[in-house]
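In my numbering, the protein residues as written are 1 to 66.
And the structure:
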């Protein structure tokens, strides 16, 4: 399983040019939560993993486990 830091890097890369605000609004979480996930400070709980995967059109497996 990848480290929180690796997952954070993946999330940052997926976000690309989209603002954190836009992702936070779409996924219904705070901008600070997105920031913590991308900085590898926290790993989202399962419900949020699913919403992030849907938003980025990836599977939870691809982002958080491969």
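From the three backbone atoms N, C-alpha and C, an ideal C-beta is built for every residue, glycine too.
Coarse secondary structure for residue i, derived from DSSP in three states
| i | result |
| --- | --- |
| residue 41 | coil |
| residue 17 | coil |
| residue 29 | coil |
| residue 3 | coil |
Per-residue burial, residue i [other beta carbons within 10 Å of its own, 16 or more giving buried]
| i | result |
| --- | --- |
| residue 64 | buried |
| residue 41 | exposed |
| residue 18 | exposed |
| residue 8 | buried |
Proximity below 9 angstroms, CB of residue i to CB of residue j
| i | j | result |
| --- | --- | --- |
| residue 52 | residue 31 | no |
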